[in-house]
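To keep things clear, I will list the structure first and then write my remarks on it.
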Amino acid sequence: MTSCFYRMKIICIGRNYAKHIEELANEKPENPVVFLKPDSAILPKKMPFFIPPFSNDVHYEVEVLVKINKVGKHISPKFAHKYYDTIGLGIDFTARDVQAKCKEKGLPWEKAKAFDGSAIVGEFFPKEEFDLENLSFQLQKNEEVVQDGNTSNMLWKIDELISYVSQYFTLKKGDLIFTGTPAGVGKVEENDILTGVIESKQAFQIKVK
Ligand code: ZN
């Protein structure tokens, strides 16, 4: 069963890598920036990503994903590792022009961040396969590396993020956390092929239409 058929939520973290904060000229936050995407944001597997008609500037943001494996609330960082077994990679597609208007007016970001198809969820791998504190991941656009990240550069580590978001939202089995994007975000164009790689494993490949 894929994640589209049961209720789940996607919790996204913004501004978790210093160099990405600089490239968008944002301020470094005191706490993680948190927003949600609904389950309808997930692009069904094997489908192309269609650039939505309301944006002329959709950006890719490659991010490490965490899949929650049981219910939890007020989780301490020390116990956060018990709440996930698998790690994946995905894209938080962002309509940057729409987001800029929302930001300017102090409005919520959902129209820019939570639209249909805005969440690419790739394959998941057992977390034991990786050193989570030093995990390298890339996004390739048409076979050229455009984002090259490493979790060692996260401002808040995975376990800290789980602890933080669980103060506000009960985490449930199947929920996903998008842990923020490193530098190198950019615009997608029709016919781009986007490939996500975590260590040397391909986690997804999608076509833009
Ligand atoms: Zn993001």
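My numbering applies: residue 21 is where the sequence shown begins, and numbers increase by one. Don't be surprised by glycine CBs; every beta carbon is placed ideally from N, CA and C.
Thinking C-alpha only, which one of the options is nearest residue i?
i           : options               : result
residue 29  : 38, 45, 54 and 36     : 54
residue 85  : 204, 202, 197 and 224 : 197
residue 160 : 206, 193 and 73       : 206
residue 149 : 118, 108 and 117      : 108
residue 172 : 68, 38, 97 and 27     : 38
residue 192 : 102, 69 and 123       : 102
residue 174 : 189, 157 and 122      : 157
residue 98  : 154, 227, 181 and 229 : 181
residue 113 : 155, 203, 50 and 77   : 77
residue 95  : 228, 204, 188 and 138 : 188
residue 153 : 146, 162 and 176      : 176
residue 47  : 83, 123, 229 and 66   : 123
residue 162 : 226, 120, 42 and 116  : 226
residue 91  : 147, 228, 203 and 190 : 190
Report back the beta-carbon spacing between residue i and residue j to the nearest angstrom; my notes put them in contact at under 8 Å.
i           : j           : result
residue 88  : residue 195 : 4 Å
residue 100 : residue 179 : 4 Å
residue 40  : residue 215 : Incorrect: roughly 20 Å between the Cβ atoms, too far for contact.
residue 71  : residue 110 : The Cβ separation is near 18 Å, so there is no contact.
residue 224 : residue 142 : 3 Å
residue 16  : residue 144 : No answer is possible for residue 16: the residues shown for the chain start at 21 and end at 229.
residue 183 : residue 93  : So it is not a contact: roughly 11 Å between Cβ atoms.
residue 60  : residue 136 : 6 Å
residue 134 : residue 56  : 7 Å
residue 33  : residue 52  : 5 Å
residue 79  : residue 116 : 5 Å
Does the beta carbon of residue i sit closer than 8 Å to a beta carbon anywhere in chain C?
i          : result
residue 94 : Considering every chain present, this structure includes no chain C. It has just one protein chain.
DSSP beta-bridge partners for residue i?
i           : result
residue 112 : 139
residue 103 : DSSP lists no partner for residue 103.
residue 32  : 55 and 198
residue 92  : 191
residue 40  : Paired residues: none, contrary to the question.
residue 222 : 217
residue 87  : 106 and 196
Is residue i near the ligand NAP, in the sense that its beta carbon is under 7 Å from a heavy atom of that ligand?
i          : result
residue 32 : By its list of ligands, the structure shown excludes the ligand NAP, since it contains just the ligand ZN.
- In chain order, which beta strand (DSSP E) runs of at least 3 residues are fully inside the segment 132–201? For the segment 132–201, whole beta strand (DSSP E) runs of length 3 or above, ordered along the chain, are 139–146, 156–161, 164–170 and 196–198.
- Query: Are three or more beta carbon pairs between the segment 219–228 and the segment 164–176 nearer than 8 Å?
  - Reply: Here the segment 219–228 does not lie against the segment 164–176, with fewer than 3 beta-carbon pairs under 8 Å apart.
- Report yes or no: do three or more beta-carbon pairs, one from the segment 124–139 and one from the segment 199–214, lie closer than 8 Å? With a cut-off of 8 Å, the segment 199–214 and the segment 124–139 do not count as touching, because too few Cβ pairs lie within range.
- Hey, which unbroken runs of the beta strand (DSSP E) at 3 residues or more fall wholly within the segment 59–84? Segments of the beta strand (DSSP E) lying fully in the segment 59–84: 78–80.
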